[in-house]
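So the structure is just underneath, and the comments pick up after that.
There are 2 protein chains.
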Amino acid sequence: MSRFWSDIVNQLTPYTPGEQPQLSKLIKLNTNENPYGPSPKVLEAIAKANSEELRKYPDPNTKVLKQTIANHFELDSNMVFIGNSSDEVLAHVFRGLLKHDKPLLFPDITYSFYPVYCKLFEIDYVQVPLRDDFSLNIDDYEQANGGIIFANPNAPTGIALSIDEVEQLATRNPNSVIVVDEAYVDFANDSAVRLIKQYANIVVTQTLSKSRSLAGLRVGIALANAELIEGLERIKNSFHPYTLDSLAIAGATAAFEDHQYLEATCQKVNTTRERVSQRMQQMDFTVLPSSANFVFAKHKSESAEKIFLALRERNIIVRYFDKPRINEFLRVSIGTDAEMDEFLAALTDIIAGE
Amino acid sequence: MSRFWSDIVNQLTPYTPGEQPQLSKLIKLNTNENPYGPSPKVLEAIAKANSEELRKYPDPNTKVLKQTIANHFELDSNMVFIGNSSDEVLAHVFRGLLKHDKPLLFPDITYSFYPVYCKLFEIDYVQVPLRDDFSLNIDDYEQANGGIIFANPNAPTGIALSIDEVEQLATRNPNSVIVVDEAYVDFANDSAVRLIKQYANIVVTQTLSKSRSLAGLRVGIALANAELIEGLERIKNSFHPYTLDSLAIAGATAAFEDHQYLEATCQKVNTTRERVSQRMQQMDFTVLPSSANFVFAKHKSESAEKIFLALRERNIIVRYFDKPRINEFLRVSIGTDAEMDEFLAALTDIIAGE
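Going down the list, the sequences are from chains C and B.
First residue of the first sequence: 2, per my numbering; consecutive thereafter.
First residue of the second sequence: 2, per my numbering; consecutive thereafter.
The following block contains the structure:
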């Protein structure tokens, strides 16, 4: 508290990021980072941009990057918005497209940043409970709303809603913006991007932090029709026009040009995920069907918190949420095969009470 | 206009950045970039950070960078706030520390982003006219206010207010936050940083874009007592916690470690500035006394807009503001000596009507 703070500051409950411990011998399965490095072409492009030219401002409109992304998704470049991480993109989406008189709707269990944005931007919201199996029932969204947002695949459950159902949400709510937060979509089967030319009210957000192995570069995007994108640009240009530094622009452009690398990496992660899921089921875990680079699982008898702490003692960090409905689950990011073998061995010991 | 936009979006008048034309044979003196590249140690540090490690999230608290900056200014690290450019830092300052019931005060002629932030965050403001000679009279700030902000040295005039007068403002307004936007301070003689341990209500913002030749890296800072910094951290962590990418963290840390390079660069720029000022005065320009890396000047008889356009035809870009009180002035960034010789030669021709 300070008398110098604006009123809003006192009302905030900031987001808590997953811990980033600086231990070296750590198996870090808590923030859904990709175990494989970025494309070598990304590192090359950054090396080229790392020059005397850094004295100059970057292009505030990131024209080259926008066009590369537009080409990748077969969209016009005015349907692409770029930000310093998908968190920043989401912040602009909340402020620019989701603040209306009627409340915003989102699932009770989803990315825990959504209620934080609502507090910061003073947006009314209603948290709509997921089904008992953590799937999203679109019928539950048949209520007055000023917008709908959900992660797809959802976090931390990993469960994906079908794109047909996303489309139904857009059709049923023609006056609301429907935001599909696709942070993990490249590990899944389908994306809502193919709907945005047809639906004026769909916004898709994505990140380069997961599938493209660039959490360290902070690049996120929104894709939507030009009118919605213009709203986001107006916010951005009233806040900070030169969002991305020159190195991030270069790296992100190279990342979108190397589609082959993306596909190969995602396939490796998904193969490991299926193997880990099976092994955990054999250990009496219920593992939710994941379309992301993590699994969300609960054991038949052992407490999640206890397993979390026991793994931590063995220098393996996973994510535990002490929240209603999910406090018996652990979220485990998919690492390399070697890392996951160590994880599974430790888990076997812990479950056996060793 | 779109029915999907939040109300605020319709009310915005986004900031217009100086143009970034992509011509190669251009002498670009319009955005106050440093003509000298960043310290070689910065490029080395970035090269080292450009690795497989980019797959991981950066430290959201930028602990190492904060400590380096704290050491540099002889402050505690909880007196340092770091953002993706000083524009982002200023945005958080406006929202977190300057939105109060009473209006914010700032000069009528100053960084043109201030009224843009006020509109975005719905902050009442009063623009206080500078004196006829464009100096700031602290007596004019003796009125009810919820905060005061000004650039020092001021932009686009280059005129600096003495730190004694900054101190008087802080003393006279003990219940208001006084923000000193020191984007250009390293080209000047004195900084308000030395006041912040003593005054609970002073915030100093700085950027790495000008004196440290890193406009392409997007790093800005705020320095203030821990209580004010905590207010900014709360906003940041409700908006986007991982603000700086790993490359920017590495580069910025190296930049603050190489103080010698900074001083040498600033001295070169200042020497050139004095030479250019003198030559322009000889050409019948009134040149305001600049403590920054640009000069603000008006000619005795030729219109600024005409000179601006004639320079542009010669591939030399300076900044012209078509605004009351300053529409007879040109703002000219200080380039290399060779660039400024070309600028001065072109100017001589233009004034001579050639």
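For glycine and all other residues, C-beta sits at the position ideal for the given N, C-alpha and C.
Predicted model only: the values in this text are computed from it and were never measured.
Practice prompt. Compute the distance between the beta-carbons of C/Met80 and C/Ile230, then report whether it is under 8 angstroms.
Written response: With contacts defined as CB atoms closer than 8 angstroms, C/Met80 and C/Ile230 qualify as a contacting pair.
Discussion item. Please list, in chain order, the residues of the stretch 86–100 of chain B that have any C-beta partner in chain C closer than 8 angstroms.
Written reply: Interface annotation for the stretch 86–100 of chain B against chain C: Ser86, Asp88, Glu89, Ala92, Arg96, Gly97, Leu98, Leu99, Lys100, criterion Cβ-Cβ distance under 8 angstroms.
Worksheet item: Which residue spans inside the stretch 215–248 of chain C form an unbroken beta strand (DSSP E) run of at least 3?
Response: With a minimum length of 3 residues, the continuous beta strand (DSSP E) runs that stay inside the stretch 215–248 of chain C are 221–224.
Discussion item. Please state the DSSP three-state secondary structure of C/Lys42.
Written reply: Note: C/Lys42 maps to helix in three-state DSSP.
Worksheet item: What does a CB cutoff of less than 7 angstroms around C/Asp285 pick up in its chain, not counting 5 residues either side in sequence?
Response: The beta carbon of C/Asp285 is closer than 7 angstroms to those of His300, Lys301 in its chain, skipping five residues each way along the sequence.
Worksheet entry | CB contact flag (B/Ser86, B/Arg219, <8 angstroms) | Taking 8 angstroms as the cut-off, the Cβ atoms of B/Ser86 and B/Arg219 count as close.
Worksheet item: When the distance is taken between beta carbons, is C/Ile150 closer than 8 angstroms to C/Ile327?
Response: For the pair C/Ile327 and C/Ile150, the CB atoms are not nearer than the 8 angstroms cut-off.
Item to complete: Determine, using beta carbons only, whether C/Glu239 comes closer than 8 angstroms to chain B.
Response: The identity of residue 239 of chain C in the sequence shown is Ser, whereas the question assumes Glu. Yes, C/Ser239 lies at the interface with chain B (some Cβ there is under 8 angstroms from its Cβ).
Worksheet item: Which runs of the alpha helix (DSSP H), 4 residues or longer, sit entirely within the stretch 146–181 of chain C?
Response: Listed in chain order, the complete alpha helix (DSSP H) runs (minimum 4 residues) inside the stretch 146–181 of chain C are 164–173.
Discussion item. Please identify, using Cβ separations under 9 angstroms, the residues of the stretch 46–60 of chain C that lie next to chain B, in order along the chain.
Written reply: Sequence-ordered contacts of the stretch 46–60 of chain C with chain B read Ile47, Ala48, Ala50, Asn51, Ser52, Glu53, Glu54, Leu55, Arg56, Lys57, Tyr58, Pro59, Asp60 [C-beta pairs closer than 9 angstroms].
Item to complete: Kindly say whether B/Ser247, judged by its beta-carbon, lies nearer than 8 angstroms to any beta-carbon of chain C.
Response: It does; some Cβ of chain C falls within 8 angstroms.
Discussion item. Need the endpoints of the beta strand (DSSP E) that C/Pro108 sits in, please.
Written reply: Where C/Pro108 is concerned, the enclosing beta strand (DSSP E) stretches over 105–108.
Worksheet item: Nearest chain B C-beta to C/Ala253 closer than 8 angstroms, yes or no?
Response: So, not an interface residue.
Item to complete: Pick out whichever of C/Ala161, C/Phe188, C/Gly148 has its Cα sitting closest to the Cα of C/Arg173.
Response: When each option's Cα is compared against that of C/Arg173, the closest is C/Gly148.
Discussion item. Do C/Tyr112 and C/Asp165 have their beta-carbon atoms positioned less than 8 angstroms apart in this structure?
Written reply: In this structure, C/Tyr112 does not lie closer than 8 angstroms to C/Asp165 by Cβ.
Worksheet entry | Which of helix, strand or coil DSSP assigns to B/Gln1 | For residue 1 of chain B there is no data in the structure shown, the boundaries of chain B being 2 and 355.
Worksheet entry | Cα-Cα separation, C/Thr266 to C/Phe240 | Answer to the nearest angstrom: the Cα atoms are 35 angstroms apart.
Discussion item. Give me the chain C residues within the contact set of B/Gly38, using Cβ-Cβ distance strictly less than 9 angstroms, ordered along the chain.
Written reply: Residues of chain C passing the Cβ test: Ser52, Glu53, Glu54, Leu55, Arg56.
Item to complete: Starting from B/Ile236, find everything on chain C with Cβ-Cβ shorter than 9 angstroms and list it in chain order.
Response: Listed by position along chain C, the residues whose Cβ is nearer than 9 angstroms to that of B/Ile236 are Ser7, Ile9, Val10, Leu13, Pro15, Leu121.
Worksheet item: In whole angstroms, what is the alpha-carbon distance linking C/Ala193 and C/Ile70?
Response: Each residue's alpha carbon lies about 15 angstroms from the other.
Discussion item. Can you pull the chain B neighbours of C/Ser214, defined as C-beta to C-beta under 8 angstroms?
Written reply: Listed along the chain, the chain B residues whose CB falls inside 8 angstroms of the CB of C/Ser214 are Leu55, Arg56.
Fill in: Coil, strand or helix - B/Glu331 by DSSP
Checking the sequence, you will find Leu at residue 331 of chain B rather than Glu. Strand, per DSSP.
Worksheet item: Using the beta-carbon of each residue, which ones in chain C are nearer than 7 angstroms to B/Arg332?
Response: Those within 7 angstroms of B/Arg332 in chain C number zero; the least Cβ separation is about 15 angstroms.
Discussion item. Between C/Arg219 and chain B, is any beta-carbon pair separated by less than 8 angstroms?
Written reply: Answer yes: the Cβ-Cβ gap between C/Arg219 and chain B drops below 8 angstroms somewhere.
Discussion item. Here's the rule: buried if 16 or more other CB atoms are within 10 angstroms of the residue's CB, otherwise exposed. What is C/Asn31?
Written reply: Flag for C/Asn31 reads buried.
Worksheet entry | Amino acids of chain B, ordered along the chain, whose beta-carbon sits closer than 8 angstroms to that of C/Glu228 | The contacting residues are Ser3, Phe5.
Fill in: Inter-residue spacing [alpha-carbon to alpha-carbon] between C/Arg320 and C/Glu343
A direct Cα-to-Cα measurement between C/Arg320 and C/Glu343 gives close to 17 angstroms.
Discussion item. Whole angstroms are fine: how far does the CA of C/Leu345 sit from the CA of C/Gln283?
Written reply: Near 11 angstroms, if we compare the C-alpha coordinates of C/Leu345 and C/Gln283.
Practice prompt. Give every residue of the same chain whose Cβ lies closer than 8 angstroms to the Cβ of B/Gln169, excluding the five residues on either side of it in the sequence, and list them in chain order.
Written response: The residues are Ile139.
Worksheet item: Should C/Leu310 be labelled buried (16 or more other beta-carbon atoms within 10 Å of its own) or exposed?
Response: C/Leu310 should be labelled exposed.
Item to complete: Answer yes if the stretch 126–133 of chain B comes into contact with the stretch 27–42 of chain C, meaning at least three C-beta pairs across the two stretches below 8 angstroms, and no otherwise.
Response: A contact is defined here as three or more CB-CB pairs under 8 angstroms, and the stretch 27–42 of chain C fails this definition with respect to the stretch 126–133 of chain B.
Fill in: Classification of C/Ala353 by the beta-carbon crowding that lies within 10 angstroms, buried from 16 upward
Classification for C/Ala353: exposed.
Worksheet item: Along the chain, which unbroken stretches of the alpha helix (DSSP H) at least 4 residues long are found entirely within the stretch 287–339 of chain B?
Response: As far as the stretch 287–339 of chain B is concerned, its whole alpha helix (DSSP H) runs of at least 4 residues are 305–314.
Worksheet item: In whole angstroms, what is the alpha-carbon distance linking C/Gln144 and C/Ser136?
Response: Taking C-alpha positions only, C/Gln144 is separated from C/Ser136 by approximately 18 angstroms.
Worksheet item: When Cβ atoms are compared, which residues of the stretch 164–177 of chain B fall closer than 9 angstroms to chain C?
Response: Those residues of the stretch 164–177 of chain B that come within reach of chain C (Cβ to Cβ, closer than 9 angstroms) are Asn176, Ser177.
Worksheet entry | Cβ pair B/Arg117, B/Thr206 closer than 8 angstroms | Residue identity differs from the one stated: residue 117 of chain B is Val in this sequence, not Arg. It is not a contact, given that the beta carbons lie outside the stated cut-off.
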